[in-house]
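All the letters of the first sequence, read from the start, carry residue numbers 1 to 357 under our numbering.
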Amino acid sequence: MGDSFYFCTSIMIDNFFAKQLLSWHHLENNRILPWKGEKDPYKIWISEIILQQTRAEQGLPYYERFIATYPTIEALAAAPDQEVFKLWQGLGYYSRCRNLLATARQVVAEYGGKFPDQYAQIIQLKGIGPYTAAAIASFAFGIAVPVIDGNVYRVMARYFAAPEPMDTTTGKKKFNELVTSVFDERQPAAFNQAIMDLGASVCMPKQAKCEGCFLSSGCRAYRENSVYVFPVKTKKIAVRHRYFNYYILEVNEELYLQQRPPGDVWHDLYEFFLVESENAGTTDFLDQSLIEEEKPHIFRSKQRLTHQLIESKFSIIKLKKKPRSGFEKGAWIKKINVKNYPFPKTIISFLEEMPYF
DNA sequence: TTCCGGAAAA
DNA sequence: TTTTCCGGAA
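Okay, structure coming up:
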């Protein structure tokens, strides 16, 4: 799957995506924002830094105040830090402001106030990463490099129903390939503006306007009614590590089984005697004089749940007779009948590996 | 209360 | 590779 599918979709239909996107952009995309169509790299840079992690509506008044107060990069470079921070106040992510000042001063000092026009130079500047470098390069200098921001991830993920998570290194690489496959190198600025606007005003995270979208007929997620499945992200839930030490207690062809308690994994399923611990368990729970034979750690398994990683170690302990107390929770079951009880997968693996039962 | 989002530091 | 940085909207 993967590669061949994407290839066929984008190439065989003669870049339907770019054609439709640019048609929509030309006919219907009339969002009026002051940085649209702007060619001055300084103004584009200011707008892009402000728009990092920030909605256009929120950033707009800041942009206007910045441009009014500092019409040129020289003006900004010469401004006192505190004054610039005051202007940035309330916008959040204040390292953007510090980097803004550093870059303004660097461009004045090293480039004579002329904003660098090569992607490789632009991305070296403080506060400018892959997205912002691509935006400045394409909008100000017409360089054919696609922007990849949150909007683009969403549009691409849905259009191709791309299962790769967008927040991993390999996933980012895949999305880079996807955008590249539909990119229009002849009009990089228009394409980049259009795809981000589409994400912002049509292909939104929620309540997307799929009806009437110029691209819906080619959109796989729309076709498969799975628009809100995308983009996929690796759920960054904390994985809890647990260590289960299972002891198969055996007396006269009988094994000890207990039922999993409520409020924990595997509720109501059965298991052997369990000691949960960070390390190897001990047999302290037993009267040592009862032990006839011990086979420690004869099997181990790992089970991955959504939110837990459970490592289990199994040990067999043959007893001379049933302990008098400490095992009221469960019951002694004839070995022949053990297979009739429901077990979690990790115990099934053990039983399958141990034909002994 | 949860979701959203670029870059840099850890 | 993961965490931190912020505020607004749903």
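For glycine and all other residues, C-beta sits at the position ideal for the given N, C-alpha and C.
- For Glu292, count neighbouring C-beta atoms within 10 Å of its own C-beta (all shown protein chains included) and say buried if the count is 16 or more, exposed if not. Taking the first sequence and counting its residues from 1, one reaches residue 292 at position 292. Exposed, because fewer than 16 other Cβ atoms sit within 10 Å of the Cβ of Glu292.
- Task: State the DSSP-derived secondary structure class of Trp266, mapped to helix, strand or coil.
- Result: The residue given as residue 266 occupies position 266 in the first sequence. Of the three classes helix, strand and coil, the one that applies to Trp266 here is coil, per DSSP.
- Message: When you compare the stretch 166-179 with the stretch 210-225, are there three or more beta-carbon pairs, one atom per stretch, that lie closer than 8 Å?
- Response: no
- Query: Since Trp332 is in the beta strand (DSSP E), which residue starts that stretch and which ends it?
  - Reply: One-based indexing of the first sequence puts residue 332 at position 332. That run of the beta strand (DSSP E) goes Ala331 to Lys334.
- Span of the alpha helix (DSSP H) holding Val107? Working through the first sequence from its first residue, we reach residue 107 at position 107. Residues Ser95 to Tyr111.
- Query: Among Val232, Tyr153 and Asp14, which residue has its Cα nearest to the Cα of Ala200?
  - Reply: Residue numbering aside, residue 200 sits at position 200 when the first sequence is read from its first letter. When only C-alpha atoms are compared, the closest one is Tyr153.
- With which residues is Glu276 paired in a DSSP beta bridge? In the first sequence, counting from the first residue as 1, residue 276 sits at position 276. According to DSSP, which records beta bridges pairwise, Glu276 is partnered with Phe244.
- Using only the heavy atoms of the ligand SAM, determine whether one of them is closer than 7 Å to the beta carbon of Lys209. In terms of ligand content, the structure shown is empty, and the ligand SAM therefore cannot be addressed.
- Item | Start-to-end residues for the beta strand (DSSP E) that takes in Glu254 | By one-based count along the first sequence, residue 254 stands at place 254. Run containing Glu254: Glu254 to Gln259, per the beta strand (DSSP E) assignment.
- Query: Alpha carbon to alpha carbon, what distance is there between Phe350 and Lys126?
  - Reply: On the first sequence, position 126 is the one that residue 126 refers to. On the first sequence, position 350 is the one that residue 350 refers to. The alpha-carbon atoms of Lys126 and Phe350 are separated by roughly 55 Å.
- Message: Once the 5 residues before and after Ala79 are set aside, which same chain residues still bring their CB inside 7 Å of it?
- Response: For this step, residue 79 is matched to residue 79 along the first sequence. Answer for Ala79: Tyr70, listed in chain order.
- Task: Please classify Ile122: does DSSP put it in a helix, a strand, or coil?
- Result: Residue numbering aside, residue 122 sits at position 122 when the first sequence is read from its first letter. The answer is helix: DSSP assigns Ile122 an H, G or I state.
- Touch test, the stretch 285-304 against the stretch 312-332, Cβ-Cβ under 8 Å, three pairs minimum: yes
- Proximal residues to Pro61 (C-beta, below 7 Å), its chain only, five neighbours per side dropped: The count along the first sequence starts at 1 and reaches residue 61 at position 61. Correct list: empty, nothing qualifies.
- Message: Using a Cβ-Cβ cutoff of less than 6 Å, which residues in the same chain neighbour Phe230 once the five nearest sequence positions on both sides are dropped?
- Response: For this step, residue 230 is matched to residue 230 along the first sequence. Ala157, Arg158 and Ala221.
- Bridge partners - Phe299, DSSP secondary structure assignment: Within the first sequence, numbered from 1, the residue matching residue 299 stands at position 299. Per DSSP, Phe314.
- Query: Do you know whose CA, among Ala137, Gly129 and Pro130, lies nearest Phe115's CA?
  - Reply: As a first step, residue 115 must be located in the first sequence, where it is residue number 115. Ranking the options by Cα distance to Phe115, first place goes to Ala137.
- Please name the residue or residues paired with Ile148 in a DSSP beta bridge. Looking up residue 148 in the first sequence gives position 148. DSSP output for Ile148 lists no bridge partner at all.
- Is Leu286 helix, strand or coil by DSSP? Locating residue 286 in the first sequence gives position 286, where the first residue counts as 1. Three-state result, Leu286: coil.
- Contact under 8 Å by Cβ, Asp287 with Pro323: Indexing the first sequence from 1 puts residue 287 at position 287. Indexing the first sequence from 1 puts residue 323 at position 323. For Asp287 and Pro323, yes; Cβs fall inside 8 Å.
- Query: On the three-state DSSP scale, how would you describe Met12?
  - Reply: As a first step, residue 12 is located in the first sequence; it is residue number 12 there, counting from the start. Any reading at Met12 must be qualified, since the residue scores a pLDDT of 49, below 50, and its modelled position is unreliable; no value is offered.
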